[in-house]
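Enquirer:
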């Protein structure tokens, strides 16, 4: 298929440009009988919404989502679910200065070579605004997974040079950074304020965890659960790296250290991050992703225009100085979509499997 | 589709267990007119083959591949290509001791819960032996890409705690580690010898680079080139992390540092690793992958059996003390397959695009 | 993937119920640079629109389509195209009488068993209203194909017992039946008027023809052009049969009669309907489809309710006495979508193929 | 994906040319725990095998199938199943006379234009020999369906001008024509003998029936059960038409006649052929397919060569005077594969659905 669809059985197909009339998605393959309302989707959309703190873009979008099909009398019918978000804050600004220029580290140059043209208004299709539909679709997956006792939650584990240890899920919900340690928040705010004064941006690291998974999700050999999760997470704007469990730390580990031993009481460790041979083990599924610093900064940068001539580019407008700050709900959505797809795929082939062996956690 | 197929237009579907009669693959979507012989595939298969040095498993497999269709009079016809490798070294050993046990860090436990049964001989389908067909299929992609001026090459950038700087591609071909620095080889050999004495294993980091790419490969928004590459690389046995370009280092970088500025003479840096907005920029495509230490070690480990009772597991047999040593050709294959698929996908939609803008390198 | 997507490279995914707030589609994979406006889509939508003559349902829907993405400055950008049609004529009628009953020959019974529930208002997702989005998406394919010199046109070849010979394409556009012979129109009108008096419905046969095709479209062995066309046409509501070329007449033909001989001046006949070995020959692609009579008639019929108890069903409301009358634009759309998909697929793999042999027509 | 794969969850990918070293297939997505042996596949392969009567090609192929993976200790493991059939009767004949000619009604001309080259030995990939792997894969689906109480059986309903009424399934197994009426067999034999004397060929009509289906199989709106079945059946070599239930007869039927009324005792008729709204109703699934006459006849025919010059073609070699005679097992296989795929797809999404309403037959 073309590139705007994610998943094989629980599929999400999206459309929409940053400054077009609307964003939309079609969620196909949702089981019937799931209670679902627009409010269920709005919750996560509000967590991703811009302009909620001084540390993110000041673009004002209510991001009100409408469910146009697939839900009848408050529950899903099993048919495709149409979602729509109208863009309201499309400033009619003058783009003549950038329409023929390639902003460094943006998709301008690669889109231009791929398509021969592009919607240059706010990045068009390459804008992170597209991720709003991922969050809306992911909320449907989360709703279904929750009913199965599966939770998907994320947090910021590093902001620029500042590493953050996990303290509690409660803390995550109480600050604009999705920071799991309330005592570190002032430090993060101070860092961000200085960053704005420096007219610069910085990267971030996000961690996502799914708990309550049954063992057995994932398809050997190419559609492993971790492989498809890596696909989903790496497809998020600005992501440059993905780790499962110990990730790159495993490079310098010994086998006797890395292997997660098992006892009747459960696993003794979780270096693997909940995946064995590409299939869920039933332990918490743990992934980390690296987001690069925002490319749009007001510090001038060297580039070329469509004619190949040198230009100096200064990116004005309303931008997140750290795209990672709003990435947590998006990462949760991609993990939820991946799990939902694999839950259905596993069920399709293995519905009749019965196992005596107890499930370890 | 099910999980044993990779790619959307240039597809590879594989079968085969570690100790079954044969491994096989079907490569579909190869353009017609490509000169192709079994020798072209054998070259890479020999680079991956076990038993070529004392640092890898002593299993003796010639890994002779046969082309059963899709090639006529020395060139591809455009129809599906059937590949077959007969297993020759399947020792008829007694598996009764492990058939009901779950080896720690192996797929035994997750496969058992997924399918309710498994081929326990040498890991069955979960064995890395499966990767032989990836290498064979990848060699077809490499052959086509090479004719387009695109090269795909890899090397070992870290062995356990030992980091290795890139020196030359020539060096890579001259040692059993795919080490790019000939002066470090003795150090690696000493480390491996000690590792064997310790009856332990270790992880490794592999780097893969594609050069000569046209800009424009990759499909927004979910099928980004880097996302599909991450999918392919993470699907390799034992891989726990994938980075594109600077990867996790980008977390602590500033935007003014990370962004790759452009001049008429070319890009001034390549922190992005050759991908902008998920689409190739024409710069070298750079990826790094982390491989965990081999799970099969002779040091006893705690586990349970199918009844949930505690057992002590000692993995005997012939195993690589570092699976990363033979992973380079496999990583190259997955990158080649990803690029081949996207080259065709890009061509399908954008064949008529003509761009005046010069291509930067 | 799930069932609401058609095509592999040029994909159409749809949503929407008969009496929901809106219908929508996402068209993915359209080449960039194609001039496209809402008016280009509206043309075919108007040909399918209900209430344009006394011989079709009196439901009044303007079927105004909006393009929400993928088109910038009047041409396609290569990104996904979002389409939306708001439902305006959703009568708030009382469905309590049919909500628990299964109308004979409708999808009520099969949907109920599949999903355990259904949107019973006007048939919900199973209503032919869904085909409006096929026509809108098909119009995009037609626009692209037309630029390549490929036309896709259809006509009614039989209405109930009345067979109609093809006379001219001009005639097709000048009557409500898509009848290619102007002299037969009065006969058709008289038949339809009597049908309404009989409170009954009838079937129809539609023929579709594509001209100007290049030879080579279609993928052996499962994705033959005729196989995918049969898939697309059979997926239209009420279709019970599909023929390519001579179709079922070929059963009693001799090989010496059926085979289309070739001369340097061209083919001497077209019994094959433009397909050889599942691949286009360059001759006109010809398909015929059989549509069953409308299931919704006011003559009472026997059925059961959700409890399994016997009921007598009388289908009220506004229905086409012959669904075939409005099926021509839908059949054209499915043929156009199939050709568009295969044009891109062929181009992906065979872009480099050059053939000296002249193309016959 | 490319064209050599059928199905979405239960997938079959095939390779192999008529005169290549071997034919093969990979069946992916088969549930684990299914008892399966090579003998189970051989049964249907033998029904399709050439040279079993004087009315089919005299090519002698044992068509011995080997299972190379996915089956362990006599049952399926859930991993991909590799199948292989070695070609044994590849006569080393001289093809120089036809290598540059296009046989009328064959795929020679369309393959040449598509790929720029072709394996001309016995038709290469376009040969019906490819269908052997469909039958082998279909036998796996049949085995699983049978365990669910679902049978898939076919018979010849017309040979050239001779229509045959269904009498009994027992009769079908007792003659070389799959004729359901033993009293008509002598007539068929006489017709075939005369046909050979005339050095000509003829078409046939095959009917396939599945019984014991649960209601609910099929995915709206594009992947309807009947649409995917039409895809599968039309993809069989020489098929020119497909009907579901009454098919083209429905064109002249009235709604009051066609609709299948329901009573608590069951359906009163089956004009629909077991499908309502594209979803199985639980009634017998009935399809009919039209096969064109064999293109290879010894009567000379006009054609051109690769240079566009006129030639007279005489097709020598060993050919079926009626390809329809051996098509019954192939049609059964495609219906079984379609049902298997949809059984898994339905299960994936609707595993939790519980319905009180009784199932009618």
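Residue numbers (the working numbering), protein chains in the order written: chain R, 1 to 361; chain U, 362 to 722; chain B, 723 to 1083; chain L, 1084 to 1444.
Each residue gets a CB set at the ideal place from its N, CA and C atoms; glycine is no exception.
(1) Closer than 9 Å, Cβ to any Cβ of chain L: which residues of the stretch 362-386 of chain U, in chain order?
(2) With residue 17 of chain R as the anchor, note down where its beta strand (DSSP E) starts and where it stops.
(3) Restricting to Cα atoms, I'd like to know which of B/998, B/801, B/724, B/1082 is closest to residue 1391 of chain L.
(4) Since residue 288 of chain R sits in a beta bridge, which residues does DSSP pair it with?
(5) Please go through the same chain and pick out, in chain order, the residues whose beta-carbon is closer than 8 Å to the beta-carbon of residue 1358 of chain L, but skip the five residues on each side of it.
(6) What residue does the alpha helix (DSSP H) around residue 1238 of chain L start on, and which one ends it?
(7) Measuring only between beta-carbons, confirm whether residue 1380 of chain L sits less than 8 Å from chain U.
(8) Touching or not, the stretch 1334-1341 of chain L and the stretch 1315-1325 of chain L, by the rule of three or more beta carbon pairs under 8 Å?
(9) So if I threshold CB-CB distances at 7 Å, which residues from the stretch 575-595 of chain U count as touching chain R?
(10) Using three-state DSSP, classify residue 199 of chain R as helix, strand or coil.
(11) Run through DSSP, which three-state label would residue 10 of chain R get?
(12) Is it true that the CB of residue 539 of chain U sits closer than 8 Å to the CB of residue 1163 of chain L?
(13) Strictly by DSSP, which residues pair up with residue 747 of chain B?
(14) What did DSSP end up calling residue 418 of chain U once you bin it into helix, strand or coil?
(15) Distance, Cα to Cα, residue 310 of chain U vs residue 1234 of chain L?
(16) Below 9 Å on C-beta distance, what does residue 665 of chain U contact in chain R?
(17) Run through chain B and tell me which residues come within less than 7 Å of residue 709 of chain U, C-beta to C-beta.
(18) In the DSSP assignment, the alpha helix (DSSP H) including residue 427 of chain U goes from what residue to what residue?
(19) Quick check: the Cα distance between residue 25 of chain R and residue 139 of chain R, rounded to an integer number of angstroms?
(20) Using the three-state DSSP reduction, which class does residue 378 of chain R fall into: helix, strand or coil?
(21) Which of helix, strand or coil does DSSP assign to residue 337 of chain R?
(22) From residue 70 of chain R to residue 1086 of chain L, what does the alpha carbon distance come to, in whole angstroms?
(23) Determine contact between the stretch 671-678 of chain U and the stretch 553-564 of chain U, defined as no fewer than three beta-carbon pairs at a distance below 8 Å.
(24) Do the stretch 1371-1385 of chain L and the stretch 1049-1063 of chain B meet, that is, are 3 or more Cβ pairs less than 8 Å apart?
(25) Any contact of the stretch 1411-1430 of chain L with the stretch 1201-1221 of chain L, i.e. 3+ C-beta pairs under 8 Å?
(26) DSSP puts residue 396 of chain U in a beta bridge; with which residues?
(27) From residue 546 of chain U to residue 535 of chain U, what distance separates their C-alpha atoms?
(28) If you follow the alpha helix (DSSP H) that residue 1340 of chain L is in, where does it begin and where does it stop?
(29) Cβ of residue 510 of chain U less than 8 Å from any chain R Cβ?
(30) Counting only Cβ-Cβ distances shorter than 7 Å, please list the residues of the stretch 435-448 of chain U near chain B, keeping chain order.
(31) Got a sec: which bits of the stretch 458-481 of chain U sit with their beta carbon under 8 Å from any beta carbon on chain L, in order along the chain?
(32) Quick one: Cα of residue 991 of chain B to Cα of residue 847 of chain B, how far?
(33) Who are the Cβ neighbours of residue 334 of chain R in its own chain at under 6 Å, not counting the five residues just before and after it?
(34) What does the alpha-carbon distance come out to for the pair residue 1077 of chain B and residue 986 of chain B?
(35) Would you call the stretch 743-761 of chain B in contact with the stretch 873-883 of chain B, where contact means no fewer than 3 C-beta pairs closer than 8 Å?
(36) Please report whether the beta-carbon of residue 712 of chain U lies at a distance below 8 Å from any beta-carbon of chain B.
Expert: According to the structure shown:
(1) 362, 363, 364, 365, 366, 368, 369, 370, 371, 372, 374, 375, 376, 377, 378, 381, 382, 383, 384, 385, 386
(2) Position 17 of the first chain, counted from the first residue, corresponds to residue 17 of chain R. First-last for residue 17 of chain R: undefined, no H or E at that position.
(3) Along the fourth chain, one-based indexing puts residue 1391 of chain L at 308. Measuring from the Cα of residue 1391 of chain L, the nearest candidate turns out to be B/1082.
(4) Your numbering for residue 288 of chain R matches position 288 in the first chain. Paired residues: R/207, R/243.
(5) As a first step, residue 1358 of chain L must be located in the fourth chain, where it is residue number 275. Only 1301, 1307, 1308, 1309, 1327, 1328, 1364, 1368 meet the Cβ criterion.
(6) Here residue 1238 of chain L refers to the residue found at position 155 of the fourth chain. No alpha helix (DSSP H) contains residue 1238 of chain L, which is instead part of the beta strand (DSSP E) from 1234-1242.
(7) Residue mapping note: residue 1380 of chain L aligns to position 297 of the fourth chain, counting from 1. No, no contact with chain U.
(8) no
(9) 576, 577, 580, 581, 582, 583, 584, 585, 587, 588, 589, 591, 592, 595
(10) By 1-based counting over the first chain, the position of residue 199 of chain R is 199. DSSP places residue 199 of chain R in coil when its eight states are reduced to three.
(11) The count along the first chain starts at 1 and reaches residue 10 of chain R at position 10. If DSSP states are grouped into helix, strand and coil, residue 10 of chain R belongs with coil.
(12) The count along the fourth chain starts at 1 and reaches residue 1163 of chain L at position 80. The count along the second chain starts at 1 and reaches residue 539 of chain U at position 178. No, they are not a contact pair.
(13) The residue you call residue 747 of chain B lines up with position 25 of the third chain. Bridge partners of residue 747 of chain B: B/736, B/805.
(14) On the second chain, position 57 is the one that residue 418 of chain U refers to. Correct three-state label for residue 418 of chain U: coil.
(15) Residue 310 of chain U lies beyond the residue range present for chain U, which begins at 362 and ends at 722; the question has no answer from this structure.
(16) For the purposes of this step, residue 665 of chain U is taken as residue 304 along the second chain, with counting starting at 1. Within 9 Å Cβ-Cβ: 262, 263, 264, 357, 358, 360.
(17) Here residue 709 of chain U is taken as the residue at index 348 of the second chain, counted from 1. Those are 731, 1066, 1067, 1069, 1070, listed as they occur along chain B.
(18) Taking the second chain and counting its residues from 1, one reaches residue 427 of chain U at position 66. Not the alpha helix (DSSP H): residue 427 of chain U falls in the beta strand (DSSP E), residues 426-428.
(19) The sequence position of residue 25 of chain R within the first chain is 25, counting from 1. The sequence position of residue 139 of chain R within the first chain is 139, counting from 1. Going by the C-alpha atoms only, they are around 13 Å apart.
(20) The question about residue 378 of chain R has no answer here: the residues shown for chain R are numbered 1 through 361.
(21) Working through the first chain from its first residue, we reach residue 337 of chain R at position 337. Note: residue 337 of chain R maps to helix in three-state DSSP.
(22) Along the first chain, one-based indexing puts residue 70 of chain R at 70. Along the fourth chain, one-based indexing puts residue 1086 of chain L at 3. If I take the Cα positions, the gap works out to 32 Å.
(23) no
(24) no
(25) yes
(26) Sequence index remark: in the second chain, residue 396 of chain U carries index 35 (1-based). The partner list for residue 396 of chain U (beta bridge, DSSP) reads U/436.
(27) Here residue 546 of chain U refers to the residue found at position 185 when the second chain is read from its first residue. Here residue 535 of chain U refers to the residue found at position 174 when the second chain is read from its first residue. Residue 546 of chain U and residue 535 of chain U: Cα-Cα distance of roughly 10 Å.
(28) To locate residue 1340 of chain L, count along the fourth chain from 1; it is residue 257. Run containing residue 1340 of chain L: 1338-1341, per the alpha helix (DSSP H) assignment.
(29) Start at 1 with the first residue of the second chain, and residue 510 of chain U comes out as number 149. Output row for residue 510 of chain U: interface = no.
(30) 439, 440
(31) 475, 476, 477, 478, 479, 480
(32) The count along the third chain starts at 1 and reaches residue 991 of chain B at position 269. The count along the third chain starts at 1 and reaches residue 847 of chain B at position 125. Roughly 42 Å between the two C-alpha positions.
(33) Along the first chain, read from residue 1 onward, the residue named residue 334 of chain R stands at position 334. So the list reads 232, 233, once near-sequence residues are dropped.
(34) Position 355 of the third chain holds residue 1077 of chain B. Position 264 of the third chain holds residue 986 of chain B. Using only the alpha carbons, I get a separation of about 16 Å.
(35) no
(36) Here residue 712 of chain U corresponds to residue number 351 of the second chain, with the count starting at 1. True, the Cβ-Cβ gap to chain B drops below 8 Å.
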